[in-house]
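Shown next, in structure tokens, is the structure this report addresses.
In my numbering, the protein residues as written are 3 to 351.
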């Protein structure tokens, strides 16, 4: 009995040490693996359709799914990110060189209408605007600084995505064998996480990205400077409950109006109400309503906190952690508490 106990202690001590070393080995690539796994979950229905189309070739189907993903999403996002970084850098340098003129224009555009109702209102935008632009430049620049590291992470991510698509079912079965929970509980966990990933990414984040893109396109059409930069800001603001992209559209409309561009101001207002607003009211409920319903407030703080913690990839990882937290809460409520209630009733207590 003593020998068995000693063997168990030795085994778990060795297992703990190996787990720590394995974590340190994988730690530099955990974000890459997490993003690849989430992308595989999103591409899974398309991958399944390709397997049926090719009559049972999961490897070729995975390659075609990745190629489609790169052409339709990854390349446009990379090009847009480069443009956003360039505009952020130019705007930051412009503010540094023409600080007084630029900030005076902003304050007149924003404070002049407000002072009609609040004559004593006095706000300074100097430090605030510069701080925001420095933060954006630093975080956006992290995506493109160190080209070799970015390309390596991208290559590793695509390789991981291929295996997650091709062998995802095997990975899930391995998880179920290792998990101490019952298989039905493991299935509930995986189903809830799949729903959460699809809900947050294909629902709230996807809708926010579309709204940001349309806002930037509207700024470009009607002559507002730095449309790609402000479109990216609008994508984040779209997650703010109740106000959304109006936090970016209204200052743009006011700026056009104050500078004498009345028809462009009217056109941008019409564009914001129709093109951007309809996306939120029509496409948003269609996508978000089919998944895990997480309040946009938590998604917003998940995005901001994720970027602070994980860097640019936190735009995805932050909301995913929030969705995972709420999914685990639901699993605890549905599975653990229900099991405890069943055990309590069976014992006759």
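Glycine included, each C-beta is placed from N, C-alpha and C at the ideal position.
- Taking each of 59, 24 and 333 in turn and checking the Cα distance to residue 197, the smallest one comes out for 333.
- Inclusion of residue 43 and residue 199 in the CB contact set at 7 Å is warranted, their separation being smaller than that value.
- Between residue 167 and residue 67 the beta-carbon gap is near 6 Å, inside 8 Å, which marks them as a contact.
- Around the beta carbon of residue 58, a 10 Å sphere encloses fewer than 16 other beta carbons of the protein chains shown; the residue is thus reported as exposed.
- If you draw a straight line from the Cα of residue 69 to the Cα of residue 266, it comes to about 40 Å.
- Nearest C-alpha to residue 299 among 211, 324 and 87: 324.
- In the DSSP assignment, residue 322 falls within the unbroken alpha helix (DSSP H) covering 316 to 333.
- Inclusion of residue 232 and residue 250 in the CB contact set at 7 Å is warranted, their separation being smaller than that value.
- Per DSSP, the continuous alpha helix (DSSP H) segment holding residue 71 begins and ends at 60 to 71.
- Within the stretch 161 to 220, the complete alpha helix (DSSP H) segments at least 4 residues long are 185 to 199, listed from N- to C-terminus.
- Here DSSP, grouped into helix, strand and coil, assigns residue 312 to helix.
- The alpha-carbon of residue 84 is positioned some 31 Å away from that of residue 326.
- Going by C-alpha positions, residue 34 is about 19 Å away from residue 207.
- Just so you know, the alpha carbons of residue 36 and residue 258 end up roughly 43 Å apart.
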